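Each residue of the sequence shown is one higher than the one before, starting from 1 at the first, in full-length UniProt numbering.
Built from N, CA and C at the ideal position, the CB exists for glycine as well.
Bear in mind that the values here come from a model prediction, so they are computed numbers and not experimental data.
One structure is given below, encoded as structure tokens.
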Amino acid sequence: MYSGVFVPWTDSHQNGTDLLTKYTPHPPYERPKVQSGDTTKWDISLFVKVLLNSRPPFVDMSNRALVEGLKCLRETRNSLCHTESNRITPAEFTPLYKDLFDALLVIGASTMEFKNVEDDAQNLEWNELLYQVKQTSAQDKDMLQGIDT
């Protein structure tokens with residue numbers, strides 16, 4: 001942001017540095033990720049915190065559906081990634097899936113995009129699916145290691 005005008009986000013270090021004038025990362029171990037400006041390295045929790053807690057916020061806080069949709073994404077991610085047994089039952093998954101679907105629609109995803117993701121997930125070879133899950137969980141490991149330091 002320059003002179004009160006937002007500039008396009010380019011996943012650059014300059015974007016991250018500028019963002020730090022509007023958002024203070026909590027916990028502090030998130031600061032390097034924010035400062036990098038590389039949103040491809042952010043998890044959904046950090047992304048939602050930046051959108052909702054920047055001053056001024058990047059989303060219209062009076063748009064309750066959007067705010068609640070973003071919070072739902074974060075909470076669903078946390079529910080799925082922080083289960084005590086590392087498993088989730090179909091009875092637990094079904095309402096989370098519906099809430100996630102509804103939240104994604106509110107923030108701009110189309111039904112067709114969601115259908116494409118479902119199709120991709122069902123058509124993936126198990127080893128490719130496992131690889132993608134491991135890649136996603138590696139971001140959580142980075143975050144947890146930051147807590148330990």
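Residue F101 holds the alpha-carbon nearest to the alpha-carbon of K115 among V48, H13, F101. For L80, the three-state secondary structure derived from DSSP is helix. Across the set T83, P8, T76, the C-alpha of T76 shows the shortest separation from the C-alpha of L96. Distances from the alpha-carbon of A138 to those of L20, D18, W42, P28 put W42 closest.
For A91, the number of other beta carbons within 10 angstroms of its own is below 16, and it is reported as exposed.
With the rule of 3 Cβ pairs closer than 8 Å, the stretch 103 to 110 counts as touching the stretch 68 to 85. Here T24 carries a coil assignment [DSSP, helix/strand/coil].
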